[in-house]
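In what follows, a structure is listed as structure tokens, so that the remarks can point back to it.
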Amino acid sequence: MIPPRLRLPALAVAGTLLGTLLVGLAETSPAAAAAPAAAPAAATVHEAEAATVSQGLVESNHSGYTGSGFVNYDNTTGSYVEWTVNAAAAGNATLTLRHANGSTANRPMTITVNGSTVAAGKAFNSTGSWTSWATTGVTASLKAGPNTIRATATTAAGGPNVDHLTVDSATTPPQPGTTPVAVNGQLTVCGTKLCNRYGKPVQLRGMSTHGTQWYAQCLTGGSLDALAKDWNADVLRVSTYVQEDGYETDPQKFTNLAHSLIEAATARGMYVIVDWHMLDPGDPNYNLARAKTFFTAIANRHKDKNNIFYEVANEPSGVGWSTVKSYAEKIIPVIRGIDSNAPVLVGTRAWSSFGVSEGANESEVVNNQVNAANVLYTFHFYAASHREEYLAALTRAADRIPVFVTEFGTQNYAGEGANDFTMTQKYLDLMAAKKISWVNWNFSDDHRSGAVFKGGTCNANGPWTGTAPLKPAGVWIRDRIRTPDAFPTG
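Okay, here's the thing in structure tokens:
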């Protein structure tokens, strides 16, 4: 039995117990081992250095690339890079090449899919330097199964340096000016609120992924389209676990996966929380070096976007607020040295409960805030376990400091058991009144009641829209996200 005040322990909802059962980027639970193969994640990255290269070299002498390098085309007509890409189903896809062209001239290439030309002499203009990377995209039809995608230089100068190919198989571009990001632009902290480009307080509402090492198959083009267009979500939280078979096992793989999901959410006009999901051990300083590496890579890649939040410590526990604050003041300058505009989200102690789950309260944060600007403090709750004491702490804190609820559920602290919609609605009413943005846990088909999809939905690649594939918690939270946003613009 869990002691009364330790009601947010390590959030097994986020997979502490699953760590012994589920392994791998997109593998399923043992019970689903015989299910059909999972659909590929949206905006899947295919590195050029892992592709077939004709008349070109894999190099790493120009910074800013992803993976282990990039391809430098020989200066000759006909040099090419060719990828084999598997598609779960036939349909249109967006193919995006990340490239650098340090020359002053266009270096056009012809893009073919399965031998058919989809873009002849596509322009790849100068990017200003060989360390300045840009993206160029085309739309093509893919068949179910393996597809051959080739980018061939059409002039004697060869092609640009190519970093990688991104394939997003189910994106319908949103209408201009209608998405949350298109309306609000770059968000920033103003007083105790999160404000849009017009200086008006806004509230974002959305969903968190489960750990991407377990449930990447739930994050397809179709599922993210549903989140953006059927659920009308404003924000996606991308949870990169550090331990539990996560980032520490393969930093490059999980960094690339985060990159892909950030791009997928951006394509759909949503904001993105890049969640450094440190959980056990509870001292964030244990992973400080890893955090610096991860956030340096994320910030370098996405610093020019206006839809990013950096959540630097998911749920610190077992350490004092001064330790958490010290960690934040070490990692924030790393991010700010690259991206000076994006808000940073700082976890509070006792599993982001403002210390309540370890016998403290919000005053320790209110009276000793992080020495940095454009910062919000995170609070997590699970309504069946975290009752009036927690609600009162959130109420008081929101009047003194900027707060973002980056994780909550309608069940107990483990994301299990019966839903307490009545208590959850009390929290939602408070957050609406105080313009506190929130993200629900979690956008997967995990067996727990807190996962929104019914079991087997992800491995079957949907259906994703409507209420038929949803558990009761999913139906309830979708309805709350779908209500109209009040984004003031004047």
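Throughout, the working numbering is defined as the position within the sequence shown, counted from one, plus 925. Note that beta-carbon positions come from the ideal geometry of N, C-alpha and C, so glycine has one too. Nothing here was measured: the structure is a model prediction, and the numbers come from that model.
**Request:** Please look up how many angstroms separate the CB atoms of Thr1335 and Ala1308, rounded, as I've assumed it's under 8 angstroms.
**Result:** The count along the sequence shown starts at 1 and reaches residue 1335 at position 410. The count along the sequence shown starts at 1 and reaches residue 1308 at position 383. At roughly 5 angstroms, the Cβ-Cβ gap stays under 8 angstroms, so Thr1335 and Ala1308 are in contact.
**Item:** Collapsed DSSP secondary structure at Pro1388 in the structure displayed
**Value:** As a first step, residue 1388 must be located in the sequence shown, where it is residue number 463. Looking at Pro1388 - three-state DSSP - the assignment turns out to be coil, as it is neither helix nor strand.
**Asked** At least one CB of chain C closer than 9 angstroms to the CB of Phe1333: is that the case?
**Response** Annotation note: the requested chain C is absent from the structure, which comprises a single protein chain.
**Request:** Could you tell me the distance, in whole angstroms, from the CA atom of Asn1296 to the CA atom of Thr1077?
**Result:** For this step, residue 1296 is matched to residue 371 along the sequence shown. For this step, residue 1077 is matched to residue 152 along the sequence shown. Cα to Cα, the separation comes out at about 51 angstroms.
**Request:** Apply the 10 Å Cβ neighbour rule to Glu1236 and answer buried if 16 or more other Cβ atoms are within range, or exposed otherwise.
**Result:** Numbered from its first residue, the sequence shown carries residue 1236 at position 311. With 16 or more Cβ atoms within 10 Å of its Cβ, Glu1236 is classed as buried.
**Reference His971; option with closest CA among Phe995, Ser988 and Ser985** = Here residue 971 corresponds to residue number 46 of the sequence shown, with the count starting at 1. Out of Phe995, Ser988 and Ser985, Phe995 has the C-alpha closest to the C-alpha of His971.
**Prompt:** Cβ atoms of Ala1411 and Lys1359: under 9 angstroms apart, would you say?
**Reply:** Numbered from 1 along the sequence shown, position 434 holds the residue referred to as residue 1359. Numbered from 1 along the sequence shown, position 486 holds the residue referred to as residue 1411. Cβ distance not < 9 angstroms, so Lys1359 and Ala1411 don't count as in contact.
**Request:** Determine the extent of the beta strand (DSSP E) in which Glu1236 is found, giving its start and end residues.
**Result:** Translated into positions along the sequence shown, residue 1236 becomes position 311. Ile1233 to Glu1236 is the span of the beta strand (DSSP E), which, as asked, contains Glu1236.
**Prompt:** Helix, strand or coil: how does DSSP classify Ala956 here?
**Reply:** Taking the sequence shown and counting its residues from 1, the one referred to as residue 956 is at position 31. Unreliable positioning characterises Ala956 in this predicted model, as indicated by a pLDDT of 28, which lies under 50. The coordinate reading is nonetheless provided below. It is helical.
**Request:** Return the chain-ordered list of same chain residues with a C-beta closer than 7 angstroms to the C-beta of Phe1279, the five sequence neighbours on each side being excluded.
**Result:** For the purposes of this step, residue 1279 is taken as the residue at position 354 of the sequence shown. Cβ within range, chain order: Thr1273, Asn1286, Glu1287, Val1290, Phe1304, Ala1318 and Ala1322.
**Asked** How should His1372 be labelled, buried or exposed, when 16 other C-beta atoms within 10 angstroms of its C-beta is the threshold for buried?
**Response** For the purposes of this step, residue 1372 is taken as the residue at position 447 of the sequence shown. By the 10 Å Cβ count, His1372 comes out exposed.
**Message:** Assuming Thr1104 and Gly1194 are in contact, meaning their beta carbons sit under 8 angstroms apart, how far apart are those beta carbons, in whole angstroms?
**Reply:** Numbered from 1 along the sequence shown, position 179 holds the residue referred to as residue 1104. Numbered from 1 along the sequence shown, position 269 holds the residue referred to as residue 1194. About 2 angstroms separates the beta carbons of Thr1104 and Gly1194, which is inside the 8 angstroms limit, making them a contact pair.
**Message:** Once DSSP output is grouped into helix, strand and coil, what is the label at Leu1129?
**Reply:** Within the sequence shown, numbered from 1, the residue matching residue 1129 stands at position 204. Here Leu1129 sits in coil by DSSP.
**Reduced DSSP category for Lys1228 - H, G, I as helix; E, B as strand; rest coil** = The sequence position of residue 1228 within the sequence shown is 303, counting from 1. The answer is coil: DSSP assigns Lys1228 none of H, G, I, E or B.
**Item:** Cβ distance (whole Å) where Asn1344 is taken to contact Pro1397 below 8 angstroms
**Value:** In the sequence shown, the residue the question calls residue 1344 occupies position 419. In the sequence shown, the residue the question calls residue 1397 occupies position 472. Yes, Asn1344 and Pro1397 are in contact; Cβ-Cβ is about 6 angstroms, under 8 angstroms.
**Request:** Determine the direct distance from the alpha carbon of Gly1053 to that of Asp1264, and round the result to whole angstroms.
**Result:** What you label residue 1264 is simply residue 339 of the sequence shown in a count that begins at 1. What you label residue 1053 is simply residue 128 of the sequence shown in a count that begins at 1. Roughly 20 angstroms separates the two Cα atoms.
**Message:** Less than 9 angstroms between the C-beta atoms of Ala1189 and Asp1093, yes or no?
**Reply:** Residue mapping note: residue 1189 aligns to position 264 of the sequence shown, counting from 1. Residue mapping note: residue 1093 aligns to position 168 of the sequence shown, counting from 1. Taking 9 angstroms as the cut-off, the beta carbon of Ala1189 is found closer than this to the beta carbon of Asp1093.
**Asked** Is DSSP giving Phe995 helix, strand or coil here?
**Response** On the sequence shown, residue 995 is found 70 positions in, with the first residue counted as 1. Strand.
**Asked** Per DSSP, what kind of secondary structure is Ile1326 in: helix, strand or coil?
**Response** Against the sequence shown, residue 1326 aligns to sequence position 401. Assignment of Ile1326 by DSSP, reduced to helix, strand and coil, places it in the coil class.
**Message:** If contacts are defined as beta-carbon pairs under 8 angstroms, then Leu1213 and Ile1256 qualify, I think. What distance do you get, rounded to the angstrom?
**Reply:** Taking the first residue of the sequence shown as position 1, residue 1213 is located at position 288. Taking the first residue of the sequence shown as position 1, residue 1256 is located at position 331. Confirmed, Cβ separation roughly 7 angstroms.
**Request:** Could you say which of Trp1276, Glu1314, Thr1331 and Val1281 lies nearest to Leu1301 if we only look at CA atoms?
**Result:** Working through the sequence shown from its first residue, we reach residue 1301 at position 376. Checked all of Trp1276, Glu1314, Thr1331 and Val1281; the closest Cα to Leu1301 is Thr1331.
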